[in-house]
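Participant: Below: one structure in structure tokens.
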Amino acid sequence: MDKISIVVPCYNEEETVLAFYTEAERVRNAELANVEFEYIFVDDGSTDKTLDIIKKIRSTDKTVRYVSFSRNFGKEAAISAGLSASVGDYVALMDADLQDPPFMLPQMYRAITEEGYDQVGTRRATRKGEPVVRSFFARSFYKIINLLSDVEMIDGARDYRLMKRSVVNAILSLPEKLRYSKGIFSYVGFKTKWLSYDNVERVAGSSKWSFIALFRYAVSGIADFSTVPLAFPLFVGILFYILFAVCAVIGLTSKSLLSAVCAVCFFTSATTLTCVAILGKYIAQNSTEIKNRPLYIVRETETDED
Ligand code: UDP
Ligand code: MG
3 MDKISIVVPC YNEEETVLAF YTEAERVRNA ELANVEFEYI FVDDGSTDKT
53 LDIIKKIRST DKTVRYVSFS RNFGKEAAIS AGLSASVGDY VALMDADLQD
103 PPFMLPQMYR AITEEGYDQV GTRRATRKGE PVVRSFFARS FYKIINLLSD
153 VEMIDGARDY RLMKRSVVNA ILSLPEKLRY SKGIFSYVGF KTKWLSYDNV
203 ERVAGSSKWS FIALFRYAVS GIADFSTVPL AFPLFVGILF YILFAVCAVI
253 GLTSKSLLSA VCAVCFFTSA TTLTCVAILG KYIAQNSTEI KNRPLYIVRE
303 TETDED
């Protein structure tokens, strides 16, 4: 019998986790009765009753497992912990809030077992309902990162996916501490089928992402999957040589030398600071890797109680 591990990162999801489990079980009973499920809820340092609810579900269903972190380490760390703990032949990665609809699982499973794909990813069909500004920045982000990086990032791709064990092993074999999963999923390759679906609202609770957090996440992703921005100082340097040369010529022929020099000086300092900030970002990410701290610290798992 095939086993699917359902990995669910949870951060303060007391309002959604039971609804998620109930819906996933409904789908399994209705359409995947010949498949075994294993749930791995990763409690990412929740401060509400998320872990208690997971334990309660486990008391009636031993296929429910959990990993609970010592504090909040972020969704990327939770994904890694869940993938490491999973033992299924296939692994599904799903949010707890039912924005990743379980009813798609049978179709995803068939795509792998019958159509020969290694993994099935999902993407939102449209950005309908999203605030205009957020949608603009999201689209721009995908354009920029795909221009700068060799790894293709799919616009609107969600983390919701079903993978074969070989794909999971490839993901876990990447040693980096900064785990930008959108990039990592593309980086490992494999034969991937994409399914589109309309955006679903959270069943309860609220999103953990602020606009600032999304922006920082986007910048980290670019620095993680492209070194092109490091060439920025070189291009700007060349531009300045040209600008200074033009100023020198203007200075010989006109009286506006002072204002031209002032303008170039302001432009130079602003751009120099930008270049320093770009370098700083790469140095910061390097230092995270060099420190080699663990991705997460586990406080308890279901094996502690048995
Ligand atoms: N999540 C997590 N750790 C965090 C933030 C979020 O494990 O630090 C989980 C969260 O519980 C949910 C999933 O990641 O299951 C997606 O989070 P959210 O719904 O806030 O993101 P959105 O759907 O708005 O992108
Ligand atoms: Mg969500």
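Per the numbering used here, residue 3 is the first one in the sequence shown, and the count goes up by one each step.
Each residue gets a CB set at the ideal place from its N, CA and C atoms; glycine is no exception.
These numbers were taken from a predicted model, which means no experiment stands behind them.
Using only the alpha-carbon positions, how far apart do residue 53 and residue 17 sit?
Facilitator: Computed Cα separation, rounded: 12 angstroms.
Participant: Could you name the residues, in chain order, whose CB is less than 7 angstroms away from a heavy atom belonging to the ligand MG?
Facilitator: Qualifying residues, in the order they occur: 97, 99, 101, 204, 209.
Participant: Could you pull the start and end residues of the alpha helix (DSSP H) that residue 56 belongs to?
Facilitator: Note, residue 56: alpha helix (DSSP H), 52–62.
Participant: In terms of alpha-carbon separation, which member of 137, 222, 292 lies closest to residue 280?
Facilitator: Per the Cα distances, 222.
Participant: State yes or no: is the C-beta of residue 76 nearer than 7 angstroms to some heavy atom of the ligand UDP?
Facilitator: Indeed, a heavy atom of the ligand UDP lies less than 7 angstroms from the Cβ.
Participant: Tell me the DSSP bridge mates of residue 194?
Facilitator: Partner(s): 121.
Participant: Is the separation between the beta-carbon of residue 164 and that of residue 111 shorter than 8 angstroms?
Facilitator: In this structure, residue 111 lies closer than 8 angstroms to residue 164 by Cβ.
Participant: Beta carbon of residue 12: closer than 7 angstroms to some heavy atom of the ligand UDP?
Facilitator: Yes, since a heavy atom of the ligand UDP falls inside the 7 angstroms radius drawn around the Cβ of residue 12.
Participant: Regarding residue 309 and the ligand UDP, is the C-beta to nearest heavy atom distance less than 7 angstroms?
Facilitator: Only positions 3 to 308 of the chain appear in the structure, and residue 309 is not among them; the question remains open.
Participant: Output needed for residue 185: all residues of its chain with C-beta closer than 7 angstroms, excluding positions within five of it in sequence on either side, in chain order.
Facilitator: Closer than 7 angstroms at the Cβ level, and outside the excluded window around residue 185, lie 153, 155, 223, 226, 227.
Participant: Quick check on the burial criterion: 16 or more other C-beta atoms within 10 angstroms. Buried or exposed for residue 12?
Facilitator: Classification of residue 12: buried, given that the 10 Å Cβ count is 16 or more.
Participant: Excluding sequence positions up to five away, which residues of its chain have a Cβ less than 6 angstroms from the Cβ of residue 98?
Facilitator: Result list for residue 98: 10, 12, 15, 18, 19, 22, in chain order.
Participant: For residue 46, verify whether its CB is less than 7 angstroms away from any heavy atom of the ligand UDP.
Facilitator: Yes, the Cβ of residue 46 comes within 7 angstroms of a heavy atom of the ligand UDP.
Participant: Bridge partners of residue 94, per DSSP?
Facilitator: In the DSSP output, where bridge partners are listed per residue, residue 94 has 8, 164.
Participant: Shorter than 7 angstroms, the distance from the beta carbon of residue 304 to the closest heavy atom of the ligand UDP, or not?
Facilitator: Answer for residue 304: no, Cβ out of range of the ligand UDP.
Participant: Under 6 angstroms Cβ to Cβ from residue 264, same chain only, skipping five residues before and after it: list those, please.
Facilitator: Answer for residue 264: no residue qualifies.
Participant: Ignoring anything shorter than 4 residues, give me the alpha helix (DSSP H) runs that lie fully in the region 126–176, in order along the chain.
Facilitator: Entirely contained in the region 126–176, the alpha helix (DSSP H) runs reaching 4 residues are, in chain order, 134–150, 167–175.
Participant: Run through DSSP, which three-state label would residue 30 get?
Facilitator: Residue 30: helix per DSSP, three-state reduction.
Participant: Thinking just about the alpha-carbon of each residue, which of 179, 208, 275, 236 is nearest to the one in residue 289?
Facilitator: It is 179 whose Cα lies nearest to the Cα of residue 289.
Participant: Using DSSP's beta-bridge definition, name the partner residues of residue 45.
Facilitator: The partner list for residue 45 (beta bridge, DSSP) reads 12, 70.
Participant: Please indicate yes or no: does the CB of residue 211 lie closer than 7 angstroms to some heavy atom of the ligand UDP?
Facilitator: Yes - the ligand UDP has a heavy atom lying nearer than 7 angstroms to the Cβ of residue 211.
Participant: Between the alpha carbons of residue 251 and residue 261, how many angstroms are there, rounded?
Facilitator: Near 14 angstroms, if we compare the C-alpha coordinates of residue 261 and residue 251.
Participant: When you compare the CB of residue 70 with every CB in chain C, is at least one pair closer than 8 angstroms?
Facilitator: Among the chains of the structure shown, chain C does not appear; only one protein chain is present.
Participant: Under the three-state reduction of DSSP, which class applies to residue 78: helix, strand or coil?
Facilitator: In this structure, residue 78 counts as helix in the three-state DSSP scheme.
Participant: Tell me the rounded alpha-carbon separation between residue 135 and residue 106.
Facilitator: About 30 angstroms.
Participant: If you follow the beta strand (DSSP E) that residue 302 is in, where does it begin and where does it stop?
Facilitator: Element bounds for residue 302: 300–303.
Participant: If you check the beta carbons only, do residue 69 and residue 7 fall under 8 angstroms apart?
Facilitator: Not closer than 8 angstroms, so no.
Participant: Give every residue of the same chain whose Cβ lies closer than 8 angstroms to the Cβ of residue 92, excluding the five residues on either side of it in the sequence, and list them in chain order.
Facilitator: Counting only Cβ-Cβ distances below 8 angstroms, and skipping sequence neighbours, we find 4, 5, 6, 7, 111, 114, 164, 165, 166, 167.
Participant: Does the beta-carbon of residue 87, which I'm using as the reference point, lie nearer than 7 angstroms to any heavy atom of the ligand UDP?
Facilitator: No, the ligand UDP has no heavy atom inside 7 angstroms of this Cβ.
Participant: Of all the options 65, 100, 74, which has the alpha carbon lying nearest to the alpha carbon of residue 87?
Facilitator: With distances taken between Cα atoms, residue 87 lies closest to 65.
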